[in-house]
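Participant: If you scroll down you'll find the structure; I have some questions about it.
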Amino acid sequence: MSSSKKKEIIAISSDSSESSDFDARPWAWEDYFPREFKASDYFGPAQRGEASSNLITKEEQKMAFKARVQVLGIPCKKKLEEFGVKPFEKKGPKDEKGKGK
């Protein structure tokens, strides 16, 4: 039975130029991203307009600082003892012998 049929040899090649009817290779990156890229084709020219509203001028910063000084005050150079606050003192152990009583 098998002698009456001729076996056909199919050439398999990794070169895609030989098979024109079916292309099994994945899409190349060149299909998505062109080799010659011009930014002007995709992005318009930058337009310089007015400054951003979140930027503060120096005069506004000075006024804001003066307002904070009125509320918070300038740091005081007095020592804590002048206000009646006792300095931190390390306390000794109450149980000198270490018996836990």
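Residue numbers (the numbering used here): 1115 to 1215.
Each residue gets a CB set at the ideal place from its N, CA and C atoms; glycine is no exception.
Given the structure is predicted, the values throughout are model-derived calculations rather than measurements.
How many whole angstroms separate the CB atoms of Pro1189 and Glu1195, which I take to be in contact at a CB cut-off of 8 Å?
Facilitator: Position 75 of the sequence shown, counted from the first residue, corresponds to residue 1189. Position 81 of the sequence shown, counted from the first residue, corresponds to residue 1195. Pro1189 to Glu1195, Cβ: 17 Å. No contact.
Participant: Taking only the alpha-carbon atoms, compute the straight-line gap between Lys1121 and Lys1152 and give it to the nearest angstrom.
Facilitator: Walking along the sequence shown from the start, residue 1121 turns up at place 7. Walking along the sequence shown from the start, residue 1152 turns up at place 38. In a straight line, the C-alpha of Lys1121 is about 55 Å away from that of Lys1152.
Participant: Take Ala1178 and list the residues in its own chain whose beta-carbon comes closer than 8 Å to its own, dropping the five residues that flank it on each side.
Facilitator: One-based indexing of the sequence shown puts residue 1178 at position 64. Excluding positions up to five away in sequence, the list reads Ile1170.
Participant: What did DSSP end up calling Ala1160 once you bin it into helix, strand or coil?
Facilitator: As a working mapping, residue 1160 is identified with position 46 in the sequence shown. Coil.
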